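When the letters of the sequence shown are read in order and numbered with the working numbering, they come out as residues 23 to 401. Beta carbons: idealized from backbone N, C-alpha and C, even for Gly. These numbers come from a predicted model, not from an experiment.
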Amino acid sequence: MHFITTLKQSFLNSILPRQSQYEMVVSSLGAIVGIGMVVWVSQFFVGSTGLPFVVASMGAAAVLLYAAPHSPLTQPWAFVGGHLISATVGVTCAQWVPDLFLASGLAVGLAIFAMHQLNCLHPPGGAAALVAVVGGEQIQALGYLYVLVPVGLNVLILALAVAATRALIAHHQQKSSFIFYDDKHKETNTIHSDLFSNDDLNNALHEMHAYIDVSIEDLNQIYAHANLFSHKRQLGSMTCHDMMQTNITSVEFGDYLDTTWKLMQRQGLKGIPVTNRVQRIIGIITVSDFQKEAAKYSGETIEKRLKQMMQRTGELSSAKPEVVGQIMTSSVITLPETTPVTEAISIFAENKISHIPIINDEQRLVGILLRSDIHVRNE
């Protein structure tokens, strides 16, 4: 009985849609526009010649490009390279292998091998290769022109249509699809950035010795969301008030930089809230603020530059900053003490910060929440 229940649940999970209704409607409408443009433009330029003007692989490509836009299989080079390379392989097999059955198998098999080698695996490319062999006399008569027309023309039109339609709705999504980008140069703000890097994920994928249809960016997002759900499950309804540190170290606008720096070093702090006399936050001063200001001075080491920067002039007025308020960061993220800790986790990740000042209903500083405390709580 347990086996049947498990099987039933597994089946139901497999048929439930993972995409939102919005994504499903957008992908369907996008395909209508994209394929419509391919057929219309191709027929306009090629239809009068009597030559085939559309290859069936465009339909399969549209499914992938619109329904799975973030897959490595649907990135620009995969779509363009996969089609053109596979079409070239197919024409070559059609011309040099007289046996239809052998030529068909070789066309698809060699196309897969070529796409793997050139890192442009795209399933509809196999169809483009096969059509070159079994598409009939009209297709075979084209020879290598088949790679340019209809395949190349179709690819160009669909690529432009996909880029245009996705650009129109990009502001509704976290990221646009079919944009020419390099994952290696994209930063992913996640709570786990101190645990492993993109290079670690790349190495792990290579160790699998199999093709995995997921990008590094997707893996980062999946882990980040799973991590957030894990925190929600473990932390439950805990608020910032429950986890914040109440023995707060703070400074005021007019406190000297050298004494503030010594205070931070002595207590091992990366940042200190800056408050006015009624404990309302007016900014925050961090190690980064000191380093940015010290970079303006000459010196062989950061220590020497910091020493020059913090040295007091002893005069009533000075051209160099001497107090906290002159180098602090005025825009500081704060949270009410009633804020759920899970919300704070997202803010830590999105802003790459390690501490958040906590305020009460009167906007006064009552504590500070450290990201490290959340990690310790969940270990």
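- Sequence-distant Cβ neighbours of Arg393 in its own chain, meaning closer than 6 Å and more than five residues away, are Phe370, Ser376.
- Around the beta carbon of His105, 16 or more other beta carbons sit within 10 angstroms, so the residue counts as buried.
- The C-beta separation of Met137 from Gly127 comes to about 16 Å, leaving the pair out of contact by the 8 Å criterion.
- The beta carbon of Ser79 is closer than 6 Å to those of Pro146, Ala149, Ala150 in its chain, skipping five residues each way along the sequence.
- The C-alpha of Val77 lies about 28 Å from the C-alpha of Ser237.
- When C-alpha distances from Val296 are compared across Ala100, Phe275, Ile54, the shortest belongs to Phe275.
- Boundaries of the beta strand (DSSP E) around Val388: 387 to 392.
- Following the DSSP letters along the chain, one finds Val363 in no beta strand (DSSP E) but inside the alpha helix (DSSP H) bounded by residues 363 to 373.
- Taken atom to atom, the span from the alpha-carbon of Ala189 to that of Pro120 is near 46 Å.
- Look at Gly157 here: in three-state DSSP terms it is coil, with no helix or strand label.
- Every alpha helix (DSSP H) of 4 residues or more that sits fully in the segment 96 to 137 is shown, in chain order, as 98 to 118.
- Under DSSP, Leu357 takes part in a beta bridge, and its partners are Ile380.
- Rounded to the nearest whole angstrom, the CA to CA distance from Ala83 to Ser108 is 13 Å.
- When Leu241, Met230, Ile234, Glu229 are compared, the shortest CA-CA separation from Ser219 is found for Leu241.
- Judged by DSSP secondary structure, Val47 falls within the alpha helix (DSSP H) whose first and last residues are 43 to 68.
- Taking a cut-off of 8 Å on C-beta distances, the segment 152 to 169 touches the segment 108 to 118, as three or more cross pairs fall below it.
- The Cβ atoms of Met266 and Leu391 lie closer than 8 Å to each other.
- Counting along the chain, Ile307 sits inside the beta strand (DSSP E) bounded by residues 303 to 308.
- Across the structure, Thr96 and Glu229 are spaced so that their CA atoms are roughly 23 Å apart.
- When the five nearest sequence neighbours on each side are left out, the beta carbons in the same chain lying within less than 7 Å of the beta carbon of Leu227 are those of Ile234, in order along the chain.
- Ranked by how close their Cα comes to the Cα of Thr364, the residues Asp395, Ile179, Gln385 have Asp395 in first place.
- Excluding residues up to 5 positions away in sequence, nothing lies with its Cβ nearer than 6 Å to the Cβ of Leu124 in the same chain.
- Around the C-beta of Ile307, 16 or more other C-beta atoms lie within 10 Å, and the residue is accordingly described as buried.
- DSSP links Gly293 through a beta bridge to Thr308.
- By the 16-neighbour rule on beta-carbons within 10 angstroms, Gly72 is exposed.
- Around the beta carbon of Tyr166, fewer than 16 other beta carbons sit within 10 angstroms, so the residue counts as exposed.
- A Cβ-Cβ distance of about 6 Å is found for the pair Asn373 and Ile355, placing them in contact under the 8 Å criterion.
- Looking at Leu357, Ala185, Asn298, Ala316, the one whose alpha-carbon comes closest to that of His92 is Ala185.
- Here Thr268 is exposed, its C-beta having fewer than 16 other C-beta atoms within 10 Å.
- With a cutoff of 8 Å on beta-carbon distance, Pro358 and Ile381 are scored as near each other.
- Residues of the same chain with a CB within less than 8 Å of the CB of Asp311, apart from the 5 flanking positions on each side, are Ile349, Met350, Thr351 in chain order.
- About 6 Å separates the Cβ atoms of Ala154 and Tyr168, confirming a contact at the 8 Å cut-off.
- In this structure, Val68 places its C-beta atom within 8 Å of the C-beta atom of Val171.
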